[in-house]
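Chain order of the listed sequences is P and H. If you number the first sequence the way numbering that gives the first Met the number 0 does, the last residue is 332 and the count never jumps. If you number the second sequence the way numbering that gives the first Met the number 0 does, the last residue is 332 and the count never jumps. Accompanying notes for the structure given below.
2 protein chains.
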Amino acid sequence: MKINEILSQLNDENIDSMFVYSPENIKYISDFYPSSFAYLIIQDEPILYVNSIDKESAEEKSQIETRDIVKFTEVKDLLKGNIAVENSLDFGLVKYLSDDVSSIKTSEVFYNHRKTKTKEEITKIRNSIGIAENAIKEIDFTSTEKYAAASLEFDMTINGSIKPAFDTIVASGKRSSSPHSETSMNRVETPIVVDWGAKYDYYCSDITRTFIETERQDEIWNIVLEAQKAAIKTIAPGVSCADVDNAARDVITEYGYGEYFIHSTGHGFGLEIHEDPVVSNKVDMLLEENMVITAEPGIYIPGEFGVRIEDDVLVKKNSEVLTTLDKKLDFLL
Amino acid sequence: MKINEILSQLNDENIDSMFVYSPENIKYISDFYPSSFAYLIIQDEPILYVNSIDKESAEEKSQIETRDIVKFTEVKDLLKGNIAVENSLDFGLVKYLSDDVSSIKTSEVFYNHRKTKTKEEITKIRNSIGIAENAIKEIDFTSTEKYAAASLEFDMTINGSIKPAFDTIVASGKRSSSPHSETSMNRVETPIVVDWGAKYDYYCSDITRTFIETERQDEIWNIVLEAQKAAIKTIAPGVSCADVDNAARDVITEYGYGEYFIHSTGHGFGLEIHEDPVVSNKVDMLLEENMVITAEPGIYIPGEFGVRIEDDVLVKKNSEVLTTLDKKLDFLL
């Protein structure tokens with residue numbers, strides 16, 4: 000049971016009570032995703048406190064005992080001994096938990112557990128990827144970038160995605176030269192970078208394809224693909240994130256585009272779209288079996304265009320690329 | 000200038016440096032919404048620190064000087080004197096800002112300013128409402144709740160919504176008896192509660208309509224409408240939130256359904272879907288001119304069905320209902 004592992008790690012950290020507020024952490028441990036105000040207190044008897052609005056569905060789904068929420072001013076009385084919170088907890092809420100905020104610790108217990116995925120989680124990520132992959136076949140490029148993104152999100156939703164895993168990016172023409180270009184009301188040009196993902200039972204997927212047309216675009220696209228292949232080849236338990244990033248970066252640098260690869264090669268994901276590890280050349284963390292990470296090198300030539308290719312990889316002795324979509328989808332153009 | 004008002008209030012609070020991290024607050028003050036890691040430091044010379052990915056668009060849009068982000072471990076050196084942060088700042092980040100977290104204050108300066116809207120903000124909210132109102136006319140009830148929600152979100156997006164203001168709710172039949180029902184893959188039945196909103200330039204809208212069929216549904220619908228009218232009638236500067244809530248609650252209680260009105264009558268919104276004030280019978284806060292709030296009473300009969308009607312109101316001497324949509328849209332069924 001996940002909760003027992005968490006309790007045991009908190010015990011090792013000398014923490015008596017952990018106050019948990021992030022809906023993803025609550026979902027992770029209880030299987031219930033709150034729609035409203037809720038918090039979980041982990042101590043010998045873990046209890047999930049939910050708003051009356053959520054009472055019925057929490058009782059139905061939660062694997063942890065549920066009770067009605069207690070006013071924030073009284074939460075302090077529910078905690079005992081050494082208290083820990085999540086790094087993400089709002090400072091304004093931390094202040095309710097103790098008269099001496101400097102006594103409150105932060106625990107990484109959830110991040111540590113969530114970075115490797117259980118069998119059930121991997122299945123959910125596979126389903127999420129499946130929804131995203133099917134949807135791209137319905138994308139409509141005949142109008143604006145926004146229209147294309149909307150057509151893709153529509154298809155994900157009707158096929159079981161709770162919502163997009165993040166704001167879908169459709170960045171075309173010159174606008175593709177920024178990796179975080181805002182999807183615009185401009186008509187779609189080439190190349191077209193599409194970065195999208197679904198949420199299946201709150202688990203994300205994250206894919207990017209670049210649709211190309213000219214020879215120059217094809218040249219850059221091939222370098223990015225070679226870089227991605229080099230990165231994926233290195234992915235295995237025990238390999239450092241920096242080594243994976245450098246594998247992609249070295250290829251791009253060799254071709255003379257190193258300065259235009261302006262982000263990291265990848266990141267873990269699961270209930271959130273960004274989870275540990277960060278696959279960057281500045282990160283020493285070693286990959287572990289059952290991490291799920293993206294491999295997404297890109298080249299962004301200012302004033303010209305950008306190309307990114309992104310797939311999702313399950314870290315194993317023989318790592319498995321979970322995305323099964325063709326790298327080239329230009330037939331959809 | 001907003002920034003000068005903020006600086007002056009911080010001065011009154013005896014705060015020398017405020018560290019601002021919420022993208023909504025950054026947007027509010029700089030007009031730039033970061034797509035990646037960014038923070039703003041407000042002191043005599045306010046500076047917005049952005050990721051290289053955002054550099055170009057920040058320089059184009061921001062009304063505040065922009066620089067490259069500094070590593071979190073070095074942010075401390077940028078701050079001076081009495082430091083304040085937002086209530087919402089992650090505790091894990093607060094710890095980087097001072098060796099003594101108990102010395103760090105929280106300031107409500109943004110919440111205080113954001114609860115009343117400027118002319119430009121009201122225009123953006125109007126546009127956001129317009130997008131949402133037009134989209135409902137395209138909703139497709141012929142399939143599942145998810146399909147209906149997806150058809151509505153699609154139409155909002157192609158008409159200029161950045162994304163839904165919140166997860167669109169389509170709760171039909173018995174599922175409507177929970178105000179936060181998860182939009183399901185079940186076929187649409189009646190009544191149908193649809194709660195939706197757009198984001199126009201990051202400004203929200205928030206509307207609910209309930210589509211009814213039977214006499215029993217109509218009976219409840221009329222009570223909810225009467226309650227909403229009573230609430231809206233009271234909305235004016237200087238009136239307490241509790242009075243607005245009670246105006247709606249009294250009507251519903253008179254008809255014997257008081258125990259089934261299980262949430263507050265409304266809430267402020269703007270860049271975020273929930274902002275001050277909370278229009279609840281437990282809140283003494285007085286309404287002020289140019290607040291924008293929802294009026295959304297509801298009756299939820301367990302095991303039977305629910306009805307909610309929600310409109311958006313601009314608080315003025317003669318308050319203005321910003322939504323212009325008919326209360327009854329049953330012709331769309």
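Heads up, the beta-carbon is just placed ideally off N, CA and C, and yes, glycines get one too.
Item	Value
Below-8 Å beta-carbon distance, A148 of chain H vs any chain P residue	yes
Residues of the segment 178 to 204 of chain H whose Cβ lies closer than 8 Å to any Cβ of chain P, in chain order	P178, H179, E181 and M184
Counterpart residues of Y40 of chain P in DSSP-defined beta bridges	A small fix is needed here, since residue 40 of chain P is Ile in this sequence, not Tyr. According to DSSP, I40 of chain P bridges with P:F18 and P:I46.
Per-residue contacts from N86 of chain P into chain H (C-beta, under 9 Å)	D89, F90, G91, L92 and K94
L286 of chain H burial status per 10 Å Cβ neighbour count (16 or more: buried)	buried
Beta-ladder partner(s) of Y299 of chain H, from DSSP	H:G305
Selection from H:K94, H:I103 and H:I5 that minimises the alpha carbon distance to C82 of chain H	Sequence inspection shows Ile at residue 82 of chain H; the Cys mentioned does not correspond to that position. Here the closest residue by C-alpha is H:I103.
Residues, ordered as in the chain, of the segment 239 to 270 of chain H that lie near chain P by beta-carbon distance below 7 Å	I261 and H262
Chain P contact residues for E152 of chain H, given Cβ-Cβ distances below 8 Å	A149, E152, F153 and T156
For I130 of chain H, the first and last residue of its enclosing alpha helix (DSSP H)	K118 to I135
Cβ contact (3+ pairs, closer than 8 Å) linking the segment 67 to 87 of chain H and the segment 192 to 200 of chain H	no
M0 of chain H classed as buried or exposed, judged by whether at least 16 other C-beta atoms fall within 10 angstroms	exposed
For Y202 of chain H: DSSP bridge partner residues	H:Y199
R125 of chain H, buried or exposed, once every other Cβ within 10 Å from all chains shown has been counted against 16	buried
CB contact check: V100 of chain H to chain P, cutoff 8 Å	yes
Contact set between K162 of chain H and chain P, taken where Cβ atoms lie within less than 7 Å	D166
Cβ neighbour criterion (16 or more within 10 Å) applied to G305 of chain P	buried
Length of the line joining the Cα atoms of I222 of chain H and D310 of chain H	16 Å
Beta-carbon contacts of N133 of chain P that lie in its chain and below 8 Å, excluding the five residues immediately before and after	D154 and N158
Residues near Y202 of chain H in its chain [Cβ-Cβ closer than 7 Å; skip 5 each side]	E120, K123, I124, S127, G269 and L270
Of the residues P:N50, P:S7, P:L88 and P:E64, the one placed nearest F18 of chain P, counting alpha carbons only	P:L88
Under 7 Å from the C-beta of D145 of chain H: neighbouring residues of chain P	Looking at the sequence shown, residue 145 of chain H is not Asp but Lys. Result: T156 and I157.
Within-8 Å CB hit, S21 of chain H to chain P	no
Counted within 10 angstroms of its Cβ, other Cβ atoms place Q62 of chain H as buried (16 or more) or exposed	exposed
Minimum Cβ-Cβ distance from T105 of chain H to chain P less than 8 Å	yes
Secondary structure of A229 of chain P, DSSP reduced to three states	helix
Amino acids of chain P, ordered along the chain, whose beta-carbon sits closer than 9 Å to that of D53 of chain H	S177 and H179
Segment limits, alpha helix (DSSP H) that includes L9 of chain H	K1 to D11
Partner residues on chain C for S34 of chain P, Cβ-Cβ distance less than 8 Å	In the structure shown, chain C does not exist; the protein chains are P and H.
Distance CB(G297 of chain H)-CB(V278 of chain H) smaller than 8 Å	no
As assigned by DSSP and simplified to three states, the class of L313 of chain P	strand
C-beta atoms of P190 of chain P and I211 of chain P nearer than 8 Å	yes
Range of the contiguous beta strand (DSSP E) that encloses E274 of chain P	E274 to V278
Beta-carbon proximity list for Y27 of chain P, same chain, < 8 Å, skipping 5 on both sides	K1, F109, H112, R113 and L270
Opening and closing residue of the alpha helix (DSSP H) in which V93 of chain P lies	F90 to L96
For S176 of chain H, the three-state DSSP class (helix, strand or coil)	helix
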